[in-house]
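Undergrad: Quick one: structure below, then a few questions.
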Amino acid sequence: MAKSEKELIAGLADAVIHYKVEEARNLANEAVASGADAYKMTMEGLAGGMEVVSEKFDSHEYFVPETLLCAKALYAALDILKPHIKQEAGSAKGQVVLGVMQGDVHDLGKNLIKAIFESAGWQVHDLGRDVPLKKFVEEQLRTDSDIVMLSAMMTTSMVGMKKLIPMIKEKNPNVKIMIGGSPVSERTVDEYGADSTADNAPNALREAMTMLETLRKGLAKA
Amino acid sequence: MEQHTLIFQPSGRRAKVAAGTTILNAARKMGVGIEAVCGDNLNCGKCKVKVMEGDFPKEGITSSLGHVSRMAEKDKKVVRELHEEIASATSDEARAKAQRKLDKLKKKHAELASEEMEENMRLACSTTIHGDVLVFVPESSRTSEGVVSKAAGKIDIELKPAVRKYYIQMEPPELSDPQGDFERVRDAMEKQHGVKVETMDYRALQWLPDIIRHDDWKITVTVWNGKEVIRVEPGKVEMNLGMAIDIGTTTVAAYLTDLETGEVVMTESMMNPQVKYGEDVMSRITYCMLNPSTGLKELQDTIIEGLNRLVKNATEKLGYSHNDVSELTLVGNSAMHHILLGLNPEYMGAAPFAPVIHRSMDIKADRLGLNILPSGNVHIMPIEAGFVGADNVGCLISDQPHKRDEMTLLIDIGTNGELVFGNKERLISCSTATGPALEGGEIEYGIRATPGAIEDIRIDPATLEAKFKVIGSDKWSDGKMDMQAKGICGSAIIDGIAELFKAGIIRRNGQFNPDLSSPRIRMGKSKVMEYVVAWSHETAIEEDITINLKDVRAIQLAKGALYSGCQMMMRKLGVESFDRLAIAGAFGSHVDKEQAMVIGMYPDCDLNKVVFLGNAAGDGARIALLNVDKRAEADRIARQVEYVELALEEDFNERFGEAMHFPHMLDKFPHVEHLFFKEKTKV
Numbered sequence: 105m106a107k108s109e110k111e112l113i114a115g116l117a118d119a120v121i122h123y124k125v126e127e128a129r130n131l132a133n134e135a136v137a138s139g140a141d142a143y144k145m146t147m148e149g150l151a152g153g154m155e156v157v158s159e160k161f162d163s164h165e166y167f168v169p170e171t172l173l174c175a176k177a178l179y180a181a182l183d184i185l186k187p188h189i190k191q192e193a194g195s196a197k198g199q200v201v202l203g204v205m206q207g208d209v210h211d212l213g214k215n216l217i218k219a220i221f222e223s224a225g226w227q228v229h230d231l232g233r234d235v236p237l238k239k240f241v242e243e244q245l246r247t248d249s250d251i252v253m254l255s256a257m258m259t260t261s262m263v264g265m266k267k268l269i270p271m272i273k274e275k276n277p278n279v280k281i282m283i284g285g286s287p288v289s290e291r292t293v294d295e296y297g298a299d300s301t302a303d304n305a306p307n308a309l310r311e312a313m314t315m316l317e318t319l320r321k322g323l324a325k326a
Numbered sequence: 006m007e008q009h010t011l012i013f014q015p016s017g018r019r020a021k022v023a024a025g026t027t028i029l030n031a032a033r034k035m036g037v038g039i040e041a042v043c044g045d046n047l048n049c050g051k052c053k054v055k056v057m058e059g060d061f062p063k064e065g066i067t068s069s070l071g072h073v074s075r076m077a078e079k080d081k082k083v084v085r086e087l088h089e090e091i092a093s094a095t096s097d098e099a100r101a102k103a104q105r106k107l108d109k110l111k112k113k114h115a116e117l118a119s120e121e122m123e124e125n126m127r128l129a130c131s132t133t134i135h136g137d138v139l140v141f142v143p144e145s146s147r148t149s150e151g152v153v154s155k156a157a158g159k160i161d162i163e164l165k166p167a168v169r170k171y172y173i174q175m176e177p178p179e180l181s182d183p184q185g186d187f188e189r190v191r192d193a194m195e196k197q198h199g200v201k202v203e204t205m206d207y208r209a210l211q212w213l214p215d216i217i218r219h220d221d222w223k224i225t226v227t228v229w230n231g232k233e234v235i236r237v238e239p240g241k242v243e244m245n246l247g248m249a250i251d252i253g254t255t256t257v258a259a260y261l262t263d264l265e266t267g268e269v270v271m272t273e274s275m276m277n278p279q280v281k282y283g284e285d286v287m288s289r290i291t292y293c294m295l296n297p298s299t300g301l302k303e304l305q306d307t308i309i310e311g312l313n314r315l316v317k318n319a320t321e322k323l324g325y326s327h328n329d330v331s332e333l334t335l336v337g338n339s340a341m342h343h344i345l346l347g348l349n350p351e352y353m354g355a356a357p358f359a360p361v362i363h364r365s366m367d368i369k370a371d372r373l374g375l376n377i378l379p380s381g382n383v384h385i386m387p388i389e390a391g392f393v394g395a396d397n398v399g400c401l402i403s404d405q406p407h408k409r410d411e412m413t414l415l416i417d418i419g420t421n422g423e424l425v426f427g428n429k430e431r432l433i434s435c436s437t438a439t440g441p442a443l444e445g446g447e448i449e450y451g452i453r454a455t456p457g458a459i460e461d462i463r464i465d466p467a468t469l470e471a472k473f474k475v476i477g478s479d480k481w482s483d484g485k486m487d488m489q490a491k492g493i494c495g496s497a498i499i500d501g502i503a504e505l506f507k508a509g510i511i512r513r514n515g516q517f518n519p520d521l522s523s524p525r526i527r528m529g530k531s532k533v534m535e536y537v538v539a540w541s542h543e544t545a546i547e548e549d550i551t552i553n554l555k556d557v558r559a560i561q562l563a564k565g566a567l568y569s570g571c572q573m574m575m576r577k578l579g580v581e582s583f584d585r586l587a588i589a590g591a592f593g594s595h596v597d598k599e600q601a602m603v604i605g606m607y608p609d610c611d612l613n614k615v616v617f618l619g620n621a622a623g624d625g626a627r628i629a630l631l632n633v634d635k636r637a638e639a640d641r642i643a644r645q646v647e648y649v650e651l652a653l654e655e656d657f658n659e660r661f662g663e664a665m666h667f668p669h670m671l672d673k674f675p676h677v678e679h680l681f682f683k684e685k686t687k688v
């Protein structure tokens with residue numbers, strides 16, 4: 105018997121929370137086949153599930169391995185649902201340019217950020233890893249993204265941010281810059297002229313929401 | 006003076022020593038490594054050895070406890086009395102007073118408190134020899150590097166040093182034979198030793214005319230690589246010294262070596278003085294990047310100065326001059342290598358991690374400002390790949406996996422974990438970002454392995470109570486005694502987490518088990534769960550020493566990196582197991598191999614397959630110092646080993662994630678799983 109919309113949403117959320125990749129994929133297919141609203145499935149099911157994952161991460165119940173698996177389940181379903189999301193319905197909350205600094209190939213943190221942001225309805229322009237500095241500047245200009253997020257897992261690659269941040273701000277003073285990765289601290293934010301940092305993906309999302317609000321308020325005033 | 010025969014087991018070293026010598030001093034002279042943390046102050050109890058009783062016909066001696074100095078009977082009695090006093094004390098004050106007295110006495114004579122005294126155990130630092138004895142050095146008392154390096158253990162290698170000394174006698178020139186001094190030396194070398202020297206170092210040449218005439222045309226010629234004269238000395242000189250140095254990120258070890266015998270005549274070590282610029286390699290590279298005109302020079306000067314101090318100390322202790330050291334061989338990780346040579350480390354510090362040079366180098370000492378014989382050679386070992394440096398090459402020529410049929414998985418644990426896997430057919434290497442957690446860095450109460458550091462932790466799964474030992478004392482904590490604990494050293498973090506896991510306090514995913522309760526398990530100040538290892542009254546820092554969830558997470562990341570590295574290396578070569586697991590590095594030697602397997606630092610295997618190499622990098626430097634063929638071999642393997650960038654593997658993050666569980670999310674651990682906590686199943 106076909107599942108109701110409510111059942112599908114609950115099922116998708118559960119599949120993400122308990123990282124059941126196969127089930128996430130099956131339910132997404134079922135949703136598409138039954139003509140359910142893909143946007144609703146994504147936002148209420150997948151994103152709803154991912155929110156719980158964030159909470160579990162915050163309360164230290166989940167750590168990197170679990171979150172990675174949740175992200176895997178999330179993408180299994182998202183890949184199927186995405187083509188069915190109507191453009192207007194899926195108008196993004198905000199846009200970010202995301203990438204790992206030049207000279208750095210550690211992209212685990214970046215991928216988790218991507219999963220959390222996409223599930224929350226953000227449009228993520230993922231530049232991948234070992235990204236040349238000017239690529240960030242170009243992509244920000246091209247997409248007119250609200251936030252640029254830079255990740256570095258080594259101090260040697262983090263140093264590049266010092267040069268990159270003024271490059272981005274010069275082209276677009278309004279853009280907000282968030283930096284992250286194990287060597288990044290509050291001090292780095294001050295020293296390099298970034299706007300903020302976060303120590304994990306859920307916190308990054310909260311930070312980004314705040315930044316987006318500030319940006320939009322600023323624009324409304326202007 | 007009266008001499009007695011002293012034999013050490015298991016090393017088998019024997020010597021005649023003067024009556025009244027302490028066992029420890031004799032051991033030092035004989036190159037037997039015995040741990041002596043407290044500096045002969047009788048309070049660490051580390052140097053315990055067993056004095057054997059009986060006839061040993063094979064060794065040809067009769068050993069007896071009566072042949073060594075006795076424990077002070079009087080103190081023994083006092084200890085007994087104090088114990089009685091404590092037990093029968095009527096007031097807390099009296100008890101505390103007696104306890105203080107006892108603690109003081111114990112500190113002075115840690116040996117007296119030892120239960121092992123009944124088994125003929127003695128502290129080597131305070132026991133003197135008065136007759137023939139056979140002394141067994143238990144494993145716990147052997148120096149970690151001792152076995153392989155510090156103990157001056159002879160490396161089993163054909164002596165073929167680059168530096169050789171030759172004594173020659175010449176006829177003085179005459180008007181009928183006005184040949185130049187150099188040509189005279191050259192001809193004499195060929196005639197008397199069959200060695201065809203080609204050149205003479207400029208500085209040696211400047212000394213030549215006077216030295217050659219100083220002692221009736223008899224000189225000793227120091228030749229490097231069979232071609233170049235680097236020193237001339239009047240008369241006959243036999244001592245031929247070289248030094249092998251391992252520049253670690255944290256510690257530097259130097260082995261002054263007699264090139265004629267291969268014996269290490271003096272070992273010196275120190276903290277790497279660059280530590281003040283940053284604890285790890287990355288922060289030092291960053292320092293160079295952020296201070297473009299001065300940083301590299303500062304760091305280079307700092308290490309050169311430090312090395313000069315090591316050379317000076319080692320030579321002066323034996324009455325030699327730094328000029329008597331004719332050659333240095335150096336190993337170190339790629340960053341240490343670049344900085345020492347004043348080569349910009351910036352580019353090797355980030356992907357694609359290309360070093361300035363791979364192959365080995367020979368540089369005159371004075372070019373680098375190293376105070377050995379100025380014309381002496383400094384041999385820098387080759388680099389494999391960006392992060393797999395000369396130290397790893399040192400491990401390879403020491404352990405020789407490239408000559409074995411068995412599949413060896415070689416792990417060098419430091420701030421980075423370098424792995425080499427394979428056998429004589431093929432070797433691959435990789436570097437894993439273990440971070441400093443395994444060495445106690447980024448751990449709330451993590452400290453270096455110095456006296457006062459907790460070095461061993463045991464947790465009783467039934468009571469969830471902990472006991473621990475600190476470096477500098479052999480007593481287990483009893484929950485009451487002031488242990489003067491200062492923090493937890495790296496190997497004990499592994500211990501602690503393994504124990505927490507075995508007791509079921511933390512689960513496979515690293516989380517604290519909410520179903521267990523104990524005063525030791527609580528919500529900590531930093532808002533995460535923690536387990537109290539030492540109560541504040543047991544510490545010297547007046548606060549509880551704990552292991553918290555963040556520490557567990559840091560270890561999960563580190564060991565996950567290492568484990569997934571091992572796993573992917575095996576996959577690369579298409580095999581599912583290995584025949585040997587060789588662990589190099591000082592940290593590796595202190596870690597308990599079973600505990601490390603319990604938390605899943607490396608894949609499951611028969612524990613007998615796990616071997617500790619000690620300071621294999623340092624051994625590699627020594628081997629290169631003693632045999633020039635090995636230098637060529639090092640260059641060859643350094644290029645043969647194929648470097649694998651793990652982060653580029655498609656599923657790296659996934660495998661890494663799985664490996665963060667204790668011991669692993671999927672893989673089985675048949676050799677240690679009986680130790681794991683069994684969740685009680687409800688009926």
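Protein chains in written order, with our numbering: chain A, 105 to 326; chain B, 6 to 688.
Even glycine gets a Cβ: it sits at the ideal position worked out from N, Cα and C.
What is the DSSP secondary structure of B:Cys400, reduced to helix, strand or coil?
TA: Note: B:Cys400 maps to helix in three-state DSSP.
Undergrad: Over what stretch of residues does the alpha helix (DSSP H) that includes A:Thr292 continue unbroken?
TA: That run of the alpha helix (DSSP H) goes 290-296.
Undergrad: Quick one, which residues of the region 489-515 of chain B are near chain D if we go by CB-CB under 9 angstroms, in chain order?
TA: Included in the structure are the protein chains A and B, with no chain D among them.
Undergrad: I want to verify the contact list: residues of chain A whose CB lies under 7 angstroms from the CB of B:His666, in sequence order.
TA: Pro169, listed in chain order.
Undergrad: Please confirm whether B:Ala566 and B:Ala442 have their CB atoms less than 7 angstroms apart.
TA: Not in contact: B:Ala566 and B:Ala442 (Cβ atoms no closer than 7 angstroms).
Undergrad: Based on Cα-Cα distance, which residue from B:Thr26, B:Leu213, B:Val237, B:Thr255 lies nearest to B:Gly446?
TA: When only C-alpha atoms are compared, the closest one is B:Thr255.
Undergrad: What does A:Leu237 touch in chain B if you count any residue whose Cβ is under 9 angstroms from its own?
TA: Ordered by position in chain B, no residue passes the 9 angstroms Cβ test against A:Leu237, which lies about 12 angstroms from the chain.
Undergrad: Considering just the uninterrupted stretch of the alpha helix (DSSP H) at A:Met265, what are its terminal residues?
TA: Segment 259-275, the alpha helix (DSSP H) holding A:Met265.
Undergrad: Could you pull the DSSP bridge partners for B:Ser68 from this structure?
TA: DSSP, once it has assigned bridges, lists B:Gly59 as partnering B:Ser68.
Undergrad: Can you say whether A:Trp226 is buried or exposed, counting buried as having 16 or more other CB atoms within 10 angstroms of its CB?
TA: Burial call: buried.
Undergrad: Using 8 angstroms for Cβ pairs, my map puts B:Ser339 next to B:Phe392. What's the rounded Cβ distance?
TA: That pair is a contact at about 6 angstroms.
Undergrad: So, is the C-beta of B:Gly354 closer than 7 angstroms to a C-beta in chain A?
TA: Output row for B:Gly354: interface = yes.
Undergrad: Would you mind listing the alpha helix (DSSP H) stretches within the region 136-198 of chain A that are 4+ residues and don't spill past its ends, in chain order?
TA: Taking only runs of at least 4 residues, the alpha helix (DSSP H) segments lying wholly in the region 136-198 of chain A are 152-162, 168-185.
Undergrad: Alpha carbon to alpha carbon, what distance is there between B:Ala259 and B:Val153?
TA: Residue placement at B:Val153 is flagged as unreliable, the pLDDT there being 30, under the threshold of 50; the coordinate-derived value follows with that caveat. Answer to the nearest angstrom: the Cα atoms are 13 angstroms apart.
Undergrad: If the cut-off is 7 angstroms on Cβ atoms, which residues from the region 214-240 of chain A count as contacting chain B, listed in chain order?
TA: Answer set for the region 214-240 of chain A: Asn215, Asp234.
Undergrad: Any beta carbon from chain A within less than 7 angstroms of B:Thr291's own beta carbon?
TA: Yes - at least one Cβ of chain A is within 7 angstroms of the one on B:Thr291.
Undergrad: Between which two residues does the alpha helix (DSSP H) holding B:His343 run?
TA: Looking at the DSSP string, the run of the alpha helix (DSSP H) that includes B:His343 is 339-346.
Undergrad: Against chain B, with Cβ distances strictly below 7 angstroms, would A:Met154 count as a contact?
TA: So, not an interface residue.
Undergrad: Would the region 394-407 of chain B and the region 609-622 of chain B be scored as touching if the rule is three or more Cβ pairs under 8 angstroms?
TA: Touching, yes.
Undergrad: Just the Cα atoms here: how many angstroms apart are A:Gly297 and A:Leu212?
TA: Roughly 25 angstroms between the two C-alpha positions.
Undergrad: Can you tell which of B:Ala31, B:Met366, B:Leu348, B:Asp367 has its C-alpha closest to the C-alpha of B:Ala359?
TA: The shortest Cα separation from B:Ala359 among B:Ala31, B:Met366, B:Leu348, B:Asp367 belongs to B:Leu348.
Undergrad: So B:Asn514 and A:Pro277 are supposed to be a Cβ contact under 8 angstroms. How far apart are they, rounded?
TA: Not a contact, Cβ separation roughly 44 angstroms.
Undergrad: Can you tell which of B:Trp222, B:Ile452, B:Ser331, B:Gln184 has the C-alpha that lies nearest to the C-alpha of B:Glu233?
TA: The shortest C-alpha separation from B:Glu233 is found at B:Ser331.
Undergrad: Starting from the Cα of B:Asp396, find the closest Cα among B:Leu653, B:Glu243, B:His343 and give me that residue.
TA: Of the candidates B:Leu653, B:Glu243, B:His343, the one whose C-alpha sits nearest the C-alpha of B:Asp396 is B:His343.
Undergrad: Closer than 7 angstroms by C-beta to A:Pro306: which residues in its own chain qualify, once you throw out the five before and the five after it? Chain order, please.
TA: Only Ser158, Phe161, Asp162, Ile220 meet the Cβ criterion.
Undergrad: With contact counted as at least three CB pairs below 8 angstroms, one residue from each stretch, are the region 239-249 of chain B and the region 274-287 of chain B in contact?
TA: No, because fewer than three Cβ pairs between the region 239-249 of chain B and the region 274-287 of chain B fall closer than 8 angstroms, the two stretches do not touch.
Undergrad: Checking the sheet assignment: what are the DSSP bridge partners for B:Glu423?
TA: According to DSSP, which records beta bridges pairwise, B:Glu423 is partnered with B:Asp417, B:Ser436.
Undergrad: Is the Cβ of B:Arg558 closer than 7 angstroms to any Cβ of chain A?
TA: Yes, B:Arg558 lies at the interface with chain A (some Cβ there is under 7 angstroms from its Cβ).
Undergrad: Rounded to whole angstroms, what's the CA-CA distance from A:Ser300 to A:Leu268? Just pull it up for me.
TA: Using only the alpha carbons, I get a separation of about 15 angstroms.
Undergrad: I'd like the list of long-range same chain contacts for B:Ile628, defined as Cβ closer than 7 angstroms, with 5 residues on each side in sequence excluded.
TA: Ile160, Ile162, Ile402, Ser403, Lys635.
Undergrad: For the beta strand (DSSP E) that contains B:Asn553, what are its first and last residues?
TA: Looking at the DSSP string, the run of the beta strand (DSSP E) that includes B:Asn553 is 550-553.
Undergrad: For a cutoff of 7 angstroms on Cβ pairs, would you count B:Met5 as touching chain A?
TA: In this structure chain B extends from 6 to 688, so residue 5 of chain B is not present and cannot be described.
Undergrad: Among B:Thr320, B:Ala209, B:Leu29, B:Val336, whose alpha-carbon lies nearest the alpha-carbon of B:Ser146?
TA: The shortest C-alpha separation from B:Ser146 is found at B:Leu29.
Undergrad: Give me, in chain order, the residues of the same chain whose beta-carbon lies closer than 6 angstroms to that of B:His135; leave out the 5 immediate sequence neighbours on both sides.
TA: Counting only Cβ-Cβ distances below 6 angstroms, and skipping sequence neighbours, we find Ala24, His72.
Undergrad: By the 7 angstroms beta-carbon criterion, what residues does the region 512-539 of chain B contribute toward chain A?
TA: Residues Asn514, Gly515, Gln516, Val533.
Undergrad: Please report the distance separating the alpha-carbon of B:His384 from that of B:Leu335.
TA: Rounded to the nearest angstrom, the two C-alpha atoms are 6 angstroms apart.
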